[in-house]
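Chemist: In our numbering, the protein residues as written are 3 to 371.
Following this message is one structure expressed as structure tokens.
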Ligand SMILES: NC(=O)c1ccc[n+]([C@@H]2O[C@H](COP(=O)([O-])OP(=O)(O)OC[C@H]3O[C@@H](n4cnc5c(N)ncnc54)[C@H](O)[C@@H]3O)[C@@H](O)[C@H]2O)c1
């Protein structure tokens, strides 16, 4: 069976890091290890230059019919003044919305070879492997009313509304529990039930779901502020953390810093399971942006892009063994001392995007035997 993979490299370093992963995809195809049918299209500023929109209807059609979308990065100063609806980020937001991607998975893995790049002490982060599951399409970023109004006395008042329904909490909870079952079987759910009604409901719904469908998984609850503190005090206590859109946004950035560099961090955004096929719409992307400051110079670290592809192998294609190979190859390249500039210690030699990519691919080939 062939898997349909849509590549959207985007802008800046997006095409550079995607180019490395494409070489791996092509090699996998050639060996018959996995059969991919790949298509490539434009997104972000590149799509604006060609079509005057941040993502074309044709690219959207391809994304909707793909088994998975692999996304590079979008944006850059060149497009700072384009119409708001056509700004590069609008392409990503449209993809998230139309594919119904409500679950954002952000692993924070600290490779032993890079533990010294973290702002925390080595023993706190070495070997860290946690995932934050953030609700992505609800909560205070989307709730209505959302407005700034002028009051009778001339003062202004701003309102954002935090809203969650049982259904929204249950579906993100399920993603977290299912994920934990494939990992270390522990979920930490986080909200602010002490001061927010949405937190009370979140806590009740997750507890009930756990009791009803996932009693085999260990569940604990932590208030979001306390969890922020615990993340920097003793992060290895966690396995899967599930939380809402706002807290997830902040906590996943905190977790990101535990691992050292933006160039290392992959992510996945998943939609609902199609009851007839069991498949989910999915988009995989590095956490970093288009890094215009280093674009076109061979300086970009492709590891986050490789890590995102490994997540696609695992979550969209059920190829856990192949995903392990890619992740192991990343770890081995780092163990050999290979560093792109962003993760090199002062005075240490840095390799190019292509050298890092080629080493990872060669290591996958060796590991695959
Ligand atoms: N999902 C996305 O596509 C996404 C996410 C964030 C920012 N952006 C856009 O990217 C552009 C630049 O934003 P920014 O500078 O705030 O964030 P950024 O992530 O692009 O860069 C931040 C810093 O990290 C470095 N960096 C990032 N990725 C790297 C990699 N793979 N290897 C080596 N170094 C890396 C950059 O050189 C820069 O110094 C903006 O237009 C922004 O809107 C896009």
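Glycine is no exception: its CB is placed at the ideal position from the N, C-alpha and C atoms.
Rounded to the nearest angstrom, how far is the Cβ of residue 208 from that of residue 175, given a contact under 8 Å?
Modeler: So it is a contact: roughly 5 Å between Cβ atoms.
Chemist: So, does the region 142 to 162 touch the region 290 to 307, judging by three or more C-beta pairs under 8 Å?
Modeler: Segments in contact, no.
Chemist: To the nearest angstrom, how far is it from the Cα of residue 229 to the Cα of residue 371?
Modeler: Cα to Cα, residue 229 sits roughly 43 Å from residue 371.
Chemist: Measuring only the C-alpha atoms, how far is residue 221 from residue 125?
Modeler: C-alpha separation (whole angstroms): 25 Å.
Chemist: State whether the region 107 to 120 contacts the region 257 to 271, with contact taken as three or more CB pairs (one from each stretch) at a distance under 8 Å.
Modeler: The region 107 to 120 vs the region 257 to 271: in contact.
Chemist: Taking C-alpha atoms, which residue in 251, 177, 213, 17 lies nearest to residue 105?
Modeler: Cα-wise, what sits closest to residue 105 is 177.
Chemist: Do the region 73 to 81 and the region 315 to 335 touch if we need at least three Cβ pairs shorter than 8 Å?
Modeler: Not touching, per the Cβ criterion.
Chemist: List the endpoints of the continuous alpha helix (DSSP H) containing residue 251.
Modeler: 247 to 260 is the extent of the alpha helix (DSSP H) around residue 251.
Chemist: Mind checking which residues open and close the alpha helix (DSSP H) that includes residue 206?
Modeler: Its alpha helix (DSSP H) spans residues 199 to 215.
Chemist: On the DSSP bridge list, what partners appear for residue 149?
Modeler: The partner list for residue 149 (beta bridge, DSSP) reads 161.
Chemist: Taking 7 Å as the cut-off, is the C-beta of residue 359 nearer than that to any heavy atom in ligand 1?
Modeler: No, Cβ of residue 359 sits at least 7 Å from all heavy atoms of ligand 1.
Chemist: Just to confirm, does residue 83 get its C-beta within under 7 Å of one of the non-hydrogen atoms of ligand 1?
Modeler: No - ligand 1 has no heavy atom lying nearer than 7 Å to the Cβ of residue 83.
Chemist: For residue 295, which of helix, strand or coil comes out of DSSP?
Modeler: Three-state DSSP puts residue 295 in coil, outside helix and strand.
Chemist: Let me make sure I understand the geometry here. Which of 24, 138, 192, 348 has the alpha-carbon closest to that of residue 40?
Modeler: For the residues 24, 138, 192, 348, the minimum Cα distance to residue 40 belongs to 24.
Chemist: CB of residue 292 to nearest heavy atom of ligand 1: below 7 Å?
Modeler: Residue 292: yes, Cβ under 7 Å from ligand 1.
Chemist: In whole angstroms, give me the CA-to-CA distance for residue 306 and residue 263.
Modeler: One C-alpha to the other measures close to 10 Å.
Chemist: For residue 86, which of helix, strand or coil comes out of DSSP?
Modeler: In the structure shown, residue 86 sits in a helix (DSSP, three-state: H, G or I).
Chemist: Given a cut-off of 8 Å, decide if residue 38 and residue 88 are closer than it, judged by their beta-carbon atoms.
Modeler: Cβ distance not < 8 Å, so residue 88 and residue 38 don't count as in contact.
Chemist: Identify, in the order they occur along the chain, each residue of the same chain with its Cβ nearer than 7 Å to the Cβ of residue 64, setting aside the five sequence neighbours on each side.
Modeler: 8, 41, 43, listed in sequence order.
Chemist: Just checking residue 12 against ligand 1 - is the residue's beta carbon closer than 7 Å to any of the ligand's heavy atoms?
Modeler: Indeed, a heavy atom of ligand 1 lies less than 7 Å from the Cβ.
Chemist: Leaving out the 5 sequence neighbours to the left and right, which residues in its chain are closer than 6 Å to residue 11 when beta-carbon positions are compared?
Modeler: Taken in chain order, the residues that qualify are 17, 20, 74.
Chemist: Can residue 362 be considered in contact with ligand 1, in the sense that its beta carbon sits closer than 7 Å to one or more heavy atoms?
Modeler: Result no, Cβ not under 7 Å from ligand 1.
Chemist: Using 7 Å as the cut-off, classify the Cβ of residue 165 as near or not near the heavy atoms of ligand 1, replying yes or no.
Modeler: Because no heavy atom of ligand 1 lies under 7 Å away, the Cβ of residue 165 does not count as near it: no.
Chemist: Do you know offhand how far residue 213's Cα is from residue 168's?
Modeler: Their backbone Cα atoms lie some 15 Å apart in a straight line.
Chemist: Verify the contact flag: residue 48, CB atom, against every heavy atom of ligand 1, threshold strictly below 7 Å.
Modeler: Flag unset: Cβ of residue 48 not near ligand 1.
Chemist: Could you check if residue 46 is buried or exposed, using at least 16 other CB atoms within 10 Å of its CB as the buried criterion?
Modeler: When all chains shown are included, residue 46 counts as buried.
Chemist: What is the DSSP secondary structure of residue 373, reduced to helix, strand or coil?
Modeler: Only positions 3 to 371 of the chain appear in the structure, and residue 373 is not among them; the question remains open.
Chemist: Residue 55 to residue 137, Cα distance in whole Å?
Modeler: In a straight line, the C-alpha of residue 55 is about 27 Å away from that of residue 137.
Chemist: Could you give the DSSP three-state label for residue 136: helix, strand or coil?
Modeler: Residue state, collapsed to three classes: strand.
Chemist: Whole angstroms are fine: how far does the CA of residue 69 sit from the CA of residue 57?
Modeler: About 18 Å.
Chemist: Return the chain-ordered list of same chain residues with a C-beta closer than 6 Å to the C-beta of residue 329, the five sequence neighbours on each side being excluded.
Modeler: So the list reads 312, once near-sequence residues are dropped.
Chemist: Mind checking whether residue 324 and residue 27 have CB atoms under 8 Å apart?
Modeler: No, the pair does not count as a contact, with Cβ atoms beyond the cut-off.
Chemist: Going by C-alpha to C-alpha distance, which of 366, 359, 130 sits closest to residue 398?
Modeler: Nothing about residue 398 can be read from this structure; the chain reaches only from 3 to 371.
Chemist: Beta strand (DSSP E) containing residue 273: first to last residue?
Modeler: Segment 268 to 275, the beta strand (DSSP E) holding residue 273.
Chemist: Determine the extent of the alpha helix (DSSP H) in which residue 2 is found, giving its start and end residues.
Modeler: In the structure as shown, the chain starts at 3 and stops at 371, and residue 2 therefore has no counterpart that could be examined.
Chemist: Within the present structure, is the beta-carbon of residue 295 separated from the nearest heavy atom of ligand 1 by less than 7 Å?
Modeler: Within the cutoff, so yes.
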